[in-house]
Structures are given as structure tokens and as C-alpha cells.
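Q: The sequence shown begins at 75 in the numbering used here and counts up one residue at a time. Heads up, the beta-carbon is just placed ideally off N, CA and C, and yes, glycines get one too.
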Amino acid sequence: MTTTEIRSDEATSARVGKLDMKLEVVVIPVSDVERAVTFYETRLGWRKDADIKTDGGRLLQFTPPGSPCSIIFGTGATPSAPGTAQLLHLVVSDIEAARSELIRAGVDASDVFHDAAGGYNHFDPKARASGPDPARRSYASFVTFNDPDGNGWILQEITKRFPGRIDANETTFASAQDLASAMRRASAAHGEHEKRIGGPDPNWPDWYAGYMVAEQSGAELPL
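This is the structure:
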């Protein structure tokens, strides 16, 4: 994540002629494979993609809901010490709903917090203030939790991408829940739009579509 704004032409030119390099897997160092399986599969409910028997034990792959990237852990999967994976980011569209879901699953999640200085610093615990970002800015509200080995995860609420982060010609939603959240935000904004124009907008489907595409790509939102 970066707060640097990238012009769409710069983002496009940086892409031309380069091979795709899609982040596929993050290896998580754990000390007890069975305990990690219970946490990631039973508590978090992440999808189990693979469970491979090896000479030394097991190798497993799990994917968070809606994520294109997975995690792998298992016997001898990494030379890193258990618990040393930190600040692994999980993007959510509603930070408070996501925390509630973790608590219901028995996960010891932190309270929602934001950067007390009004920026995006979620790395320094001393910079944190309680509650979501007062203006509910995208990228600015967080929750942390650890797995049983102490590997640290952080939830980050993102509802509108910074310019250049997403291809303006592509709009995708990772899940029905993400799509529903985007439609609720568009509905609220469209209500304000109808107040400004003084009546119902018969072209609301086009307005919704334009709003949702702009929100995801970081473009200027329609009025």
C-alpha cells in the first residue's frame, strides 16, 4: 500500500512490455502444523486448497475468502522461525464487521484503530488511536490479530483505491459480500445525487456502474 498517487498514464506505461508477476503464495512459519490447521481452517474458515503428505509431515495451502493470494505452511516449509511473519495485510470493505466476525470465531482481535496523526501509520503501536478513522477514509482503519505462533495479521479497510492502484478498464469484486458493500456505498451516494438534481434519476444503473468503477480504480467519483 502506498499513499503516492500515480497518474493513469504513468501506470499504463509502466505496465507495457512487462510480464505478469502475480503474488501467489506467502509462506507462514509455524511450530505446530495441526494447531495451525485448526486456526486457519476451523476458526478463520479459510479454504483449504491442498493437504500434501510429505516425508517429514504435511504441507498445506489455504486461501482467505476473496483473496487471489494464498498461504502455505507445513513441516519444514520455511527456515524462518515460527511467529516471525508480521504485518501480513488482509483487505476488508468493512473493518467493524470484519472484526466482529473474528471475535465470533474466537479470534483474539484488537479493537479497531487509526493513525492518531491523521495519516496512515499502522506500523507503530504508539501512533494508534482508538476507533475507525474519524472521516472513514479508505486505507485508514485497522485491526490486528495473531495466529497461535504469533504470526501477525492486520486488517485494513479499503473502500476506494488510490489512483493507479487498479486498472481503470477493469472492475472486479472478490465476493458477493464485497459487491454488496460497493452497491450500498453507491446507493448512499446516489441518494445525495438525487437530492442535488431535485428528483429521481432514471439513469441510476449507469450512475451506479460509473460510481463503482471510479471507486475501485481511484478515479474522481461522479456527483
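How would you call GLU268, buried or exposed, if buried means at least 16 neighbouring beta carbons within 10 angstroms?
A: exposed
Q: With burial defined as no fewer than 16 other Cβ atoms inside 10 Å of the residue's Cβ, what is the status of VAL166: buried or exposed?
A: buried
Q: Assuming the contact rule is C-beta atoms closer than 8 Å, LEU133 and GLY148 should be a hit. Round their C-beta distance to whole Å, please.
A: 4 Å
Q: Which residues does DSSP pair with PHE216 in a beta bridge?
A: PHE187 and GLN230
Q: Using CA atoms only, rank isn't needed, just tell me which of VAL101, GLY226 and ALA214 is closest to ILE146.
A: VAL101
Q: Rounded to the nearest angstrom, how far is the Cβ of THR218 from that of TRP227, given a contact under 8 Å?
A: Rounded to whole angstroms, the Cβ separation of THR218 and TRP227 is 7 Å, and the two are in contact under 8 Å.
Q: Indicate the three-state DSSP secondary structure (helix, strand or coil) for SER204 in the structure shown.
A: strand
Q: Under three-state DSSP, which class holds PHE197?
A: The answer is coil: DSSP assigns PHE197 none of H, G, I, E or B.
Q: What separation, rounded to the nearest whole angstrom, lies between the Cα atoms of HIS196 and ASP189?
A: Note on geometry: alpha-carbon atoms of HIS196 and ASP189 lie some 6 Å from one another.
Q: Given SER249, which residues of its chain have a CB within under 7 Å of its CB, disregarding the five upstream and five downstream residues?
A: PRO139 and GLY140
Q: Measure the C-alpha to C-alpha separation of ARG81 and LEU295 and round it to an integer number of angstroms.
A: Interpretation of ARG81 is limited by its pLDDT of 41, a score under 50 that renders its predicted location unreliable; the figure taken from the coordinates is listed afterwards. Taking the straight line from one Cα to the other gives about 16 Å.
Q: Can you look up MET75 in the DSSP assignment and give me helix, strand or coil?
A: Residue placement at MET75 cannot be trusted, given a pLDDT of 41 that sits under 50; what the coordinates show is reported in the next sentence. Here MET75 sits in coil by DSSP.
Q: Quick one: Cα of ARG210 to Cα of LEU118, how far?
A: 25 Å
Q: Is the CB-CB distance between VAL186 and ARG173 below 8 Å?
A: yes
Q: Leaving out five residues on either side along the sequence, give the residues of the same chain with a beta carbon under 7 Å from the beta carbon of SER154.
A: PRO103
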